[in-house]
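Worksheet: one structure, shown below.
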Amino acid sequence: MALATKKILQNILAASLCLTLLGSATACGGGGGGGENDALDALDEPAALDALDESAAAAPLGAERWNSSLDATYSEEEPEDETSIGQEPGIMRVGKTTDGKNIFVLSRFRIGASWLADELTEARLFLKMAGETTPARLRLCLIGGTWNGFFSSLAEIKALLDEESVMTVDVTNEPGGWISVPVTEYVRTWLGGGLYNNGLAIFGETEGETYTFAAVAGGDDETIQPYIAARGEVGDRTLTYGKYGYTGMPAPGESDIGGNCMSYALRDINMILADDLGIDEAEMVRIYTAAADGKGVDALAEYAAERVLRYVDAHKDGLVVSQFRRIDGFDSEIDAAAEYRIALRVGVSLIDDKADFSDDDAYDYHFWMQLNDGRWAQKFPAGPSEIVPCTAPGIPPDKYLWDSTYERTPKSADYYTSKVIYFAVTKDTDEFTRHRGEMKDRF
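Heads up: the sequence shown begins at 62 in my numbering, then just goes up one per residue.
Have a look at this one:
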């Protein structure tokens, strides 16, 4: 499977941001006294999570730990057409200069998939102090678009910040030199599909004070990097979205990772690559260039779907699939006792608005499979399967950004951008099959 090679920044939900967001909290509705803004004043944060152990090597008792995967510091002291890159080795800084200019952090977290939005009971952001000054309050807001740490201007950064989510929060001092702040509603927003998980921004409150925290960037000690500690309780879920619940691949105790996105979607261990599908480079070029109105990637998705239908029909006995049919949408009717849904998207890497299909990295396809509780799962070739974070029943897969690796990078973020094509699968065994026999190393 090819990996993405493009850099993309899209789905910006806040096209512009009031300049006061990076000014006083009161001007943006944050209010004094540590209260939240009007849009969030109804939040009812539970009591603080249990305190950290002094070692800080694990989340509070009974909570999951979701580490930060990317953070960077930026400053308004830079010229408007420049930004400080901000990946300072092992630290990040937030604060405000004496003349009111902000030093702030963008941080993104790879959150888990244990709970639906209404099952999450509490989430708190934990920061390890790396300086002597501890803040009493911090200002937070959600990030409304994809980012990779590099920007051409401060205006580009500000355009990403979601002004409707700004809140000022009180800081809780934790054992071992940590602080924490509540982020429950932010995480519920991500889990519920209200806004894609692009992370959050952190600002200081007091002029003349700067606070230093341990960071992901350049830091070797994962136990002191920023993280979100979350806990929840799984409720009664409707299990009528398809035949199967989540099955991990590899199975516990097995070292054979096996499979890729398509084989996992078909509950099979043998990889199914583009060459297996008979995808032809010359035909891809013809289809892509012939498509009108920039719909080339959608046309390629149709081409891939046709090849997928042929492949499954040719290998249905080995796959133990008695019926494989295309359906209209993510909520098209199926026989949930016998069938389940899978989803296909295609991505194309563009260089100067052109695609070179002679390069294996120029295109790729990817599958998700729907679980019986409405969430979706996926697998990449070089790693284990996972439930796609933040997927939930009733939310169409095209509302999510489809990345081409588990960890979002400039090359992999939001790579699969075609329309979503759906299939219903009738798998006549509960076991994972090996439709081509023993798996061979295909990297």
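Beta carbons are placed, not taken as given, at the ideal position from N, Cα and C, and that holds for glycine.
Check: Checking the sheet assignment: what are the DSSP bridge partners for Ser129?; Outcome: Phe170
Check: Checking 7 Å against the spacing of the C-beta atoms, do Ala326 and Lys480 come in under that value?; Outcome: no
Check: Grab me the residues of Asp359's own chain with a C-beta within less than 6 Å of its C-beta, minus the 5 sequence neighbours each way, in chain order.; Outcome: Ser479, Lys480
Check: For Ala262 and Pro450, which I take to be in contact (beta-carbon distance under 8 Å), what is that distance rounded to the nearest angstrom?; Outcome: So it is not a contact: roughly 20 Å between Cβ atoms.
Check: Buried or exposed: which applies to Asn39, given that a residue is buried once 16 or more other Cβ atoms fall within 10 Å of its Cβ?; Outcome: In the structure as shown, the chain starts at 62 and stops at 504, and residue 39 therefore has no counterpart that could be examined.
Check: Taking the DSSP output, what are the residues bridged to Gln384?; Outcome: Thr487
Check: What does Pro243 pair with, by DSSP beta-bridge criteria?; Outcome: Arg185
Check: Could you check what DSSP says for Tyr305 in three-state terms: helix, strand or coil?; Outcome: coil
Check: Can you tell me whether Lys415 is helix, strand or coil according to DSSP?; Outcome: strand
Check: Opposite Ala438 in the DSSP bridges: which residues?; Outcome: Met430, Ile448
Check: How would you write the range of the beta strand (DSSP E) that Gly156 sits in, first residue to last?; Outcome: 152-157
Check: Going by beta carbon distance, what residues of the same chain come within less than 6 Å of Val244, once the five residues before and after it are set aside?; Outcome: Ala184, Leu186
Check: Would you please state the rounded distance, in angstroms, between the beta carbons of Leu221 and Gly206? I believe it to be under 8 Å.; Outcome: 4 Å
Check: Output the distance between the C-alpha atoms of Gly253 and Arg169, rounded to the nearest integer angstrom.; Outcome: 17 Å
Check: According to DSSP, is Glu492 helix, strand or coil?; Outcome: coil
Check: Use the C-beta contact count for Glu224: other C-beta atoms within 10 angstroms, 16 or more gives buried, fewer gives exposed.; Outcome: buried
Check: On the DSSP letters alone, give me the boundaries of the beta strand (DSSP E) that Thr271 sits inside.; Outcome: 270-275
Check: At which residues does the beta strand (DSSP E) containing Val409 begin and terminate?; Outcome: 400-409
Check: Spatial neighbours of Leu338 within its chain, please: C-beta separation below 6 Å, excluding the five flanking residues on both sides.; Outcome: Arg368, Tyr372
Check: Bridge partners for Glu137 per DSSP, in chain order?; Outcome: Paired residues: none, contrary to the question.
Check: Could you compute how far the alpha carbon of Thr271 sits from the alpha carbon of Leu199?; Outcome: 11 Å
Check: Does DSSP put Trp251 in a helix, a strand or coil?; Outcome: helix
Check: Select from Gly161, Phe391, Leu131, Ala443 the residue whose C-alpha is nearest the C-alpha of Trp429.; Outcome: Phe391
Check: Going by DSSP in three states, Arg368 sits in which element: helix, strand or coil?; Outcome: helix
Check: Is it right to say Gly161 is buried, meaning 16 or more other beta carbons lie within 10 angstroms of its own, or is it exposed?; Outcome: exposed
Check: Quick check: the region 443-460 against the region 415-425, are there 3 or more CB pairs under 8 Å?; Outcome: no
Check: How long is the line joining the alpha carbons of Thr490 and Val248, rounded to whole angstroms?; Outcome: 37 Å
Check: To the nearest angstrom, how far is it from the Cα of Leu201 to the Cα of Tyr477?; Outcome: 30 Å
Check: Where does the unbroken beta strand (DSSP E) through Thr350 begin, and where does it stop?; Outcome: That residue, Thr350, is in no beta strand (DSSP E); its alpha helix (DSSP H) goes 342-351.
Check: Rounded to whole angstroms, what's the CA-CA distance from Gly303 to Thr470? Just pull it up for me.; Outcome: 32 Å
Check: Kindly list the residues whose CB is nearer than 6 Å to the CB of Glu342, restricted to its own chain and excluding five residues on each side of it in sequence; keep chain order.; Outcome: Phe418
Check: Between the Cα of Thr229 and those of Leu256, Gly265, Asn209, Ala397, spot the shortest distance and give me the residue it belongs to.; Outcome: Gly265
Check: In whole angstroms, what is the alpha-carbon distance linking Leu203 and Val227?; Outcome: 7 Å
Check: Which term fits Glu193, buried or exposed, when burial requires 16 or more other beta carbons within 10 angstroms of its beta carbon?; Outcome: exposed
Check: Can you name, in chain order, every residue of its own chain whose Cβ lies under 8 Å from the Cβ of Ala333, other than the five neighbours on each side?; Outcome: Checking the displayed sequence, the identity of residue 333 turns out to be Ile instead of Ala. Contacts found: Asn321, Met323, Ser324, Leu327, Tyr372.
Check: Give the DSSP bridge partners of Tyr424, in chain order.; Outcome: Val409
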